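Asks:
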Amino acid sequence: MDLGIAGRWALVCGASQGLGWGCARALAREGVNVVMAARGEAALQAAADALRAELPAGAATRVLTVAADVTTDAGRAALWRVPGGPGRDFDIVVTNAGGPPTGDFRQWGQAEWMQALQANMLAPIELIKATVDGMAARGFGRIVNITSSAVKAPIDILGLSNGARSGLTGFVAGLARSGLAARGVTINNLLPGKFDTDRLRATLQAAAERSGRTLDEVRAAQLAQIPVRRFGTPEEFGAVCAFLCSVQAGYLTGQNILLDGGAYPGTF
C-alpha cells in the first residue's frame with residue numbers, strides 16, 4: 001500500500017534503538033525524510049548509517065540526526081536547527097522516551113516524579129506545541145506518541161510510567177478533538193505491550209530480582225500471558241506507526257492504539 005507520505009518530513013525521538021528505530025525505519029522506507037533524535041550520539045549515528053544502507057541506491061530520502069536531550073529547552077531547540085532539516089516544519093512527529101525506573105512508589109521523591117513527567121508527558125507536549133500549528137496551516141499533520149500498554153493496564157512496579165503517561169494520554173484526548181482535526185492534523189497514541197527491546201529485558205530482570213525467580217522463569221510466565229505466545233518486534237510496531245502517519249489514516253484521531261498481542265482483556 002502506498003501510504004501517500006513520500007517526501008514529507010518526520011521527526012522521530014528515541015530513534016537510535018527499539019521502537020523508535022522501528023518507526024524511523026518504517027517511515028524512511030516509505031520515502032519520508034527522517035530526522036532521528038536521541039541522546040547517545042554514537043548509537044544514533046550507527047542506527048542512521050544502518051538505515052541509510054537499507055534504502056535503495058539513489059533514493060532521494062534524507063536521513064538526518066541530532067544528538068539531543070529533548071526533555072530540555074536546549075535539546076528541543078537543537079531539533080529545529082538540524083542542517084538540511086525543515087526547521088519546525090515537520091509533517092510528522094513521533095514522540096518517544098525511555099520509561100522511567102521501576103520500583104516502589106515509597107522510594108520516589110519529587111525529583112524522580114519530575115524527571116518522569118518531563119520525559120513522558122511535558123517534553124511530548126512541548127514538541128507538539130512547537131509543530132502542530134504549522135501542520136494545521138499546511139493542512140496535513142500526524143503526531144504519534146509512543147506511550148505504554150500500562151496506560152490501560154497499569155503495572156505495579158511502573159508507577160512513574162503509569163502516572164506520567166496517563167497525564168499525556170488525557171492531554172492528547174482533548175487536543176485531538178479540538179479544531180486541529182478539521183485542519184488535517186491527527187494525534188494518536190501507540191501503546192506497546194511487550195516488545196523485544198532493551199526496555200523489556202530490563203523490566204523482566206527487575207521482576208526476576210523482585211520475585212526471586214530466574215529470568216527464564218519470568219520470561220516464560222510473561223509469554224504465557226500473551227495470546228500470540230511471543231513478544232512483538234520493532235519492525236511490526238514501526239509498520240503500525242507508519243500507517244497512522246499515512247493519508248489513509250486521516251479519519252483516525254484521538255485514539256489509544258494497543259499493540260500487545262491480545263494480552264489486555266479489555267472490554268468487547
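The opening position of the sequence shown corresponds to residue 1 in UniProt numbering, with each subsequent residue numbered one higher.
All residues carry an ideal CB built from backbone N, CA and C; glycine is no exception.
Predicted, not measured: the structure shown is a model, and the values here were computed from it.
Taking Cβ to Cβ, would you say tryptophan 9 is nearer than 9 Å to phenylalanine 90?
Replies: Yes, the Cβ-Cβ distance between tryptophan 9 and phenylalanine 90 is below 9 Å.
Asks: Does the beta-carbon distance from asparagine 96 to leucine 19 come in below 9 Å?
Replies: Taking 9 Å as the Cβ cut-off, asparagine 96 and leucine 19 qualify as a contacting pair.
Asks: For the alpha helix (DSSP H) that contains asparagine 145, what are its first and last residues?
Replies: Segment 141-146 is the beta strand (DSSP E) holding asparagine 145; no alpha helix (DSSP H) there.
Asks: Taking DSSP's pairing of strands, which residues face tryptophan 9 in a bridge?
Replies: Partner(s): Asn33.
Asks: Between the alpha carbons of phenylalanine 231 and glycine 261, how many angstroms are there, rounded?
Replies: Spanning the two alpha carbons is a distance of roughly 8 Å.
Asks: Cα separation between asparagine 145 and cysteine 241?
Replies: Distance between the alpha carbons of asparagine 145 and cysteine 241: 9 Å.
Asks: For the candidate residues Ala74, Gly266, Glu54, Ala150, whose alpha-carbon lies nearest to that of leucine 127?
Replies: Here the closest residue by C-alpha is Ala74.
Asks: Within 8 Å, do at least three Cβ pairs link the region 70-88 to the region 33-45?
Replies: Yes: the two stretches touch, three or more of their Cβ pairs being nearer than 8 Å.
Asks: Cβ of leucine 158 within 9 Å of Cβ of leucine 79?
Replies: In this structure, leucine 79 does not lie closer than 9 Å to leucine 158 by Cβ.
Asks: Helix, strand or coil: which one does DSSP assign to asparagine 189?
Replies: Three-state result, asparagine 189: strand.
Asks: Short of 7 Å in beta carbon distance, which residues of its chain neighbour alanine 105, apart from the five on each side in sequence? Order them along the chain.
Replies: Here the sequence assigns phenylalanine to residue 105, which means alanine is not the residue at that position. Within the same chain, phenylalanine 105 has close Cβ partners Gly159.
Asks: By how many angstroms is the C-alpha of alanine 182 removed from the C-alpha of proline 192?
Replies: Roughly 28 Å between the two C-alpha positions.
Asks: What are the start and end residues of each continuous alpha helix (DSSP H) run of 4 or more residues lying completely inside the region 223-253, in chain order?
Replies: The qualifying runs are 234-244.
Asks: Considering only their Cβ atoms, is the gap separating alanine 38 from arginine 142 smaller than 9 Å?
Replies: No, Cβ-Cβ distance for arginine 142 and alanine 38 is not below 9 Å.
Asks: Among Asn162, Thr147, Leu180, Ala164, which residue has its Cα nearest to the Cα of asparagine 256?
Replies: Ranking the options by Cα distance to asparagine 256, first place goes to Thr147.
Asks: Expressed to the nearest angstrom, what Euclidean distance is found between the alpha-carbon atoms of alanine 164 and leucine 117?
Replies: Cα to Cα, the separation comes out at about 5 Å.
Asks: Which two residues bound the contiguous alpha helix (DSSP H) that contains valine 172?
Replies: Where valine 172 is concerned, the enclosing alpha helix (DSSP H) stretches over 159-175.
Asks: Rounded to the nearest angstrom, what separates glycine 174 and glycine 254 at their Cα positions?
Replies: Taking the straight line from one Cα to the other gives about 8 Å.
Asks: According to DSSP, is threonine 72 part of a helix, a strand, or is it coil?
Replies: Coil.
Asks: Starting from the Cα of alanine 48, find the closest Cα among Ala77, Ser166, Trp21 and give me that residue.
Replies: Of the listed residues, the one whose Cα sits closest to alanine 48 is Trp21.
Asks: Give the straight-line distance between the Cα atoms of glutamine 115 and tyrosine 264, rounded to the nearest whole angstrom.
Replies: C-alpha separation (whole angstroms): 28 Å.
Asks: Following the continuous beta strand (DSSP E) through valine 93, name the residue where it begins and the one where it ends.
Replies: First-last of the beta strand (DSSP E) with valine 93: 92-95.
Asks: Only counting the same chain, and skipping five residues up and downstream in sequence, which positions put a Cβ closer than 6 Å to that of valine 82?
Replies: Once the five neighbours on either side are set aside, the close Cβ partners of valine 82 are Val35, Leu64, Val66.
Asks: Could you tell me the distance, in whole angstroms, from the CA atom of alanine 123 to the CA atom of valine 70?
Replies: When rounded, the distance between both Cα atoms is 7 Å.
Asks: Helix, strand or coil for threonine 131 per DSSP?
Replies: If DSSP states are grouped into helix, strand and coil, threonine 131 belongs with the helices.
Asks: Does DSSP classify valine 66 as helix, strand or coil?
Replies: Strand at valine 66.
Asks: So, with DSSP's three-state summary, where would you put leucine 3?
Replies: Here leucine 3 sits in coil by DSSP.
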